[in-house]
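Notes to accompany the following structure.
Residue numbers (this note's numbering): 10 to 98.
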């Protein structure tokens with residue numbers, strides 16, 4: 010799975026069968042742990058590179074599980090919104 014983030018619109022990007030498109034809110038990257046460290050978007054990119062891609066729900070579940078482990082019992086200060094779409098064959 011290719012991984013990256015963008016704040017701008019590129020005119021063309023090839024999407025192939027099996028690709029997973031992930032969109033998420035800033036609350037994912039800004040989730041905090043007990044030490045006050047942020048989860049961070051670099052960590053999100055690392056997690057997406059190893060996430061199972063057989064289903065969009067699998068990607069979502071994987072990311073949210075990692076955020077929950079990181080944050081432990083710290084409640085999020087923002088929403089944890091994530092949407093994934095898997096391109097079918």
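Glycine included, every Cβ here is placed at the ideal spot set by N, Cα and C. This one's a predicted model, so the numbers in the text were calculated from it and none came from an experiment.
Original post:
If we call anything under 8 Å between Cβ atoms a contact, is residue 76 one with residue 37?
Top reply: Sequence index remark: in the chain shown, residue 76 carries index 67 (1-based). Sequence index remark: in the chain shown, residue 37 carries index 28 (1-based). Closer than 8 Å, so yes.
Exercise. With residue 79 and residue 40 assumed to form a contact (beta carbons below 8 Å), what rounded beta-carbon distance in angstroms separates them?
Worked result: Taking the first residue of the chain shown as position 1, residue 79 is located at position 70. Taking the first residue of the chain shown as position 1, residue 40 is located at position 31. Between residue 40 and residue 79 the Cβ distance is about 6 Å, and since that is below 8 Å, they are a contact.
* To which residues of the same chain is residue 33 closer than 6 Å at the C-beta, ignoring the five residues directly before and after it? -> By 1-based counting over the chain shown, the position of residue 33 is 24. Only 91 meet the Cβ criterion.
Could you check which residue in 57, 63, 86, 82 has the C-alpha nearest to that of residue 43?
-> Taking the chain shown and counting its residues from 1, the one referred to as residue 43 is at position 34. With distances taken between Cα atoms, residue 43 lies closest to 82.
Report task. Please name the residue or residues paired with residue 47 in a DSSP beta bridge. Result -> The sequence position of residue 47 within the chain shown is 38, counting from 1. Residue 47 pairs with 41.
How close, in whole Å, do the beta carbons of residue 65 and residue 95 come, if the pair is a contact with beta carbons under 8 Å?
-> By 1-based counting over the chain shown, the position of residue 65 is 56. By 1-based counting over the chain shown, the position of residue 95 is 86. At roughly 4 Å, the Cβ-Cβ gap stays under 8 Å, so residue 65 and residue 95 are in contact.
In terms of alpha-carbon separation, which member of 93, 23, 48, 21 lies closest to residue 87?
-> Position 78 of the chain shown, counted from the start, is the residue given in the question as residue 87. Closest by alpha carbon: 48.
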